[in-house]
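In the working numbering, the protein residues as written are 455 to 1058. Beta carbons are placed, not taken as given, at the ideal position from N, Cα and C, and that holds for glycine. Heads up, the thing below is written out as structure tokens.
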Amino acid sequence: MCGIVGIVGTETVTARLIDGLKRLEYRGYDSAGVAVLNGSGLKRARAKGKIVALIDELSDNPIDGPAGIAHTRWATHGEPNIANAHPHFAGKVGVVHNGIIENYQDIRAELSHRTFTSETDTEVIAHLMDEALEAGQSSKDAFAATLKKLRGAYALALMVDDGQNEIYAARAGSPLAIGIGDGEMYLGSDALALAQLSRELIYLEEGDWAVLSPKGFQVYDQNDKAVKRDVTVITAGMGASEKGDYDHYMLKEIYEQPITVNATLKNYLAERDQFGDIAQKLDFNSVDRLVLTACGTACYAAEVAKYWFEQYAGLAVDVDIASEFRYRHPVLSPNSQFIAVSQSGETADTLAALRYCKDAGLKTAALVNVMTSTMAREADMAMPLNAGPEIGVASTKAFTSQLTALASLALLAAVQRGKLSGEDAEKQMQNLGALSLLVSTALEQDTHIKKLAKDLSVAKSAFFLGRGAMVPIAFEGALKLKEISYIHAEGYAAGELKHGPIALIEKDTPVIVVAPHDRLFEKTVSNMQEVAARGARIFLFTDSEGHKEAGHMAFASVAMPAADPFIAPIIQSIGMQLLAYHTAVTLGTDVDQPRNLAKSVTVE
Ligand code: F6R
């Protein structure tokens, strides 16, 4: 949510800042801007919309210099227009910011003698700092004093026209990393932003701030004490991935899943059907409850896992939407295992839930795709998804990797708690081992699903139904459809429909029913008939057995590969992804960067 890049050195920086911004565009794309510091002071270029608009602006009005900061915005305060685009300037100061300054109105009131040119919360930072400079403080002291006045979440990069070639940086709540170079220093919201610049990163800790110059950097803690922070060396695989021959990152990521589920699995199941080292560090036998917290798609993965842990391991599971979790005063037993589930490892609410549980004395783990993320660093234990960079804003491969990891952990719990015989455990491990092949087979339904998407694309609203572990898959199907096609969609437990929502069913309302041929199949089919009797247009996602039995009752039926009920949710989710993708493509929406969204939600 908002991306920041900064470079300070001796060579020109604008082109490289733009390159870094392109890698961060998934974090927000309402507007973008860049500021440089050169012999004639601070200069900036800003544009509404995506980074291409900023590139156009720069080609008309080029700016460059040996130091610069750049930003891609996801609007919180103030509509996405040029005036609200970062960098914000006040006097000698230019700043870019990711996060929310919660007390910005109070600061604005205090600084009412100053002229504000935007509606943003960010602009107060530049004014506060400029006031301190005007009062005679050095840039460094002014920066430290400014930070003390800010409340809220921020990652920020700031430059001062003071004759020094420096960038000031700070982190409180939103991630920020320093990249170490040779005669140059870098700043970035994440490793992806810095992929072409540096592999040696320092992740600022909560309350840290830093001064960067071409020769080096110094980090200070929240008490302004100079501190040393560890250097993380980033492996080559963490660079931004390319789209290749695919039309969209999302499609590429959907097609990567036969590989990514295996990459995930390798961490949790070792050779000869033994659990891997990572999984073995967890002891589900010594806990009486599992607390899973996440947002959006990651939360639906956690919801599926609840079915697994309860059914196979007999372990009680609470799943919470992270944004609700800490504010509802959950009753937590210290004898619980907490797992934060997150692709980015930076989602503000999930991170807050993790910290809350850590403070409450729970054992904490973070299941994340970005192993350098804040959650990975702060949890007692970090568990990787290994899905590789996910660039499409709508999560696909991270979801199936989350499911794969959680399924492995549920099996481990079942074995540790003596709920599954060695033979049954081995059978389920084999099912997981066959996952990659089944995901490949599921992708063969692509052409068929593409045709169905044409029918779905004319709808204004759609329902997704499922039972058991297919309920969260129905939720996920609805979420995927609404976020990239902008068609209103709701996921429901099939049995719940007649308690109200069935009133919305009328002739040709699309109802997507996710029902593999399992023990709940007949019940789901009954619910399907109830809506079909009211004119609904049924799109049945099932398997060959289900297709044979109930395909004729549906407007269209998709036979996904038959799978053991244990892994069927993972297989059925592929159908949901393809349906949403093709519907969005039919409608011509911006699939990889849907309106109003950002990939990494680092504000509450
Ligand atoms: C939807 C989607 C989001 C994320 C959610 C959590 O396709 O991607 O719902 O799942 O914002 O993000 P992470 O997993 O990074 O915590």
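Taking 6 Å as the cut-off, the C-beta of THR804 counts as close to a heavy atom of ligand 1. If the five residues before and after PRO541 are omitted, its C-beta is found closer than 7 Å to the C-beta atoms of GLY487, ALA489, ARG498, ILE523, HIS525, GLY548, VAL549, VAL550, all from its own chain and listed in chain order. Using a C-beta cut-off of 8 Å, the stretch 874-881 makes no contact with the stretch 904-923, since fewer than three inter-stretch Cβ pairs fall below that distance.
By the beta-carbon neighbour count (other beta carbons within 10 angstroms, threshold 16), THR689 is exposed. A residue is called buried once 16 or more other Cβ atoms fall within 10 Å of its Cβ, and VAL467 is buried on that count.
Boundaries for ILE959: no beta strand (DSSP E) harbours it, and the DSSP string shows neither H nor E there. For ARG809, no beta strand (DSSP E) run applies; the uninterrupted alpha helix (DSSP H) run containing it begins and ends at 802-813, by DSSP. Within the DSSP secondary-structure output, HIS525 pairs in a beta bridge with ILE458, GLY487.
About 15 Å separates the Cβ atoms of GLY799 and ALA756, ruling out a contact at the 8 Å cut-off. Between THR751 and PRO629 a beta carbon distance of about 20 Å is seen, past the 8 Å cut, so the two are scored as non-contacting. At least 7 Å separates the beta-carbon of LEU641 from that of ALA624. When the Cα atoms are used, LEU478 and GLY931 turn out to be separated by approximately 26 Å. With a cut-off of 6 Å, the C-beta of THR828 is classified as distant from ligand 1, since no heavy atom of the ligand falls inside that distance. With fewer than 16 other beta carbons inside 10 angstroms of its own, SER787 counts as exposed. Relative to ligand 1, the beta carbon of THR854 is positioned no closer than 6 Å to any heavy atom.
Beta-bridge pairing by DSSP links ALA916 to ALA943. Where PHE975 is concerned, the enclosing alpha helix (DSSP H) starts and stops at 975-986.
Nearest to LEU951 by C-alpha distance, out of MET982, VAL687, LYS735, ILE1024, is MET982. Taking 4 residues as the minimum length, the stretch 733-760 contains no alpha helix (DSSP H) run wholly inside it.
Ranking ASP644, VAL893, ALA521, VAL506 by CA distance to the CA of LEU655 puts ASP644 first. In the same chain as PHE763, and ignoring 5 residues on each side of it, the C-beta atoms closer than 7 Å to its own belong to LEU744, LEU769, VAL771, ALA864, ALA867, in chain order. The beta carbon of GLY750 sits closer than 6 Å to at least one heavy atom of ligand 1. Contact between SER485 and PRO534 holds, with the beta-carbon distance rounding to 5 Å and staying under 8 Å. Straight-line spacing of the CA atoms in VAL985 and ILE959 works out to 7 Å. Taking all protein chains shown into account, GLY457 has 16 or more neighbouring C-beta atoms within 10 Å of its C-beta and is therefore buried.
Taking 6 Å as the cut-off, the C-beta of SER849 counts as close to a heavy atom of ligand 1. With respect to MET455, SER911 sits apart: the two C-beta atoms are not nearer than 7 Å. Taking GLN1031 as the centre and dropping the five residues before and after it, the same chain places the C-beta of ILE708, THR850, LYS934 closer than 7 Å to its C-beta, in chain order. The beta-carbon distance between VAL795 and TYR480, rounded to whole angstroms, is 19 Å. This is too long to meet the 8 Å contact definition. Judged by their CB atoms, LEU491 and MET613 are nearer to each other than the 7 Å cut-off. Here MET825 carries a coil assignment [DSSP, helix/strand/coil]. LEU891 counts as exposed, since fewer than 16 other C-beta atoms from the protein chains shown sit within 10 angstroms of its C-beta. Counting the other CB atoms within 10 Å of its CB gives ASP575 a total of 16 or more, which places it among the buried residues.
Nearest Cα to GLU660 within the set ASN677, THR714, LEU651, LYS669: ASN677.
Counting other Cβ atoms within 10 Å of its Cβ, GLN1047 reaches 16 or more and is therefore classed as buried. Contact between the stretch 1009-1026 and the stretch 806-821 is absent, with fewer than three C-beta pairs closer than 8 Å.
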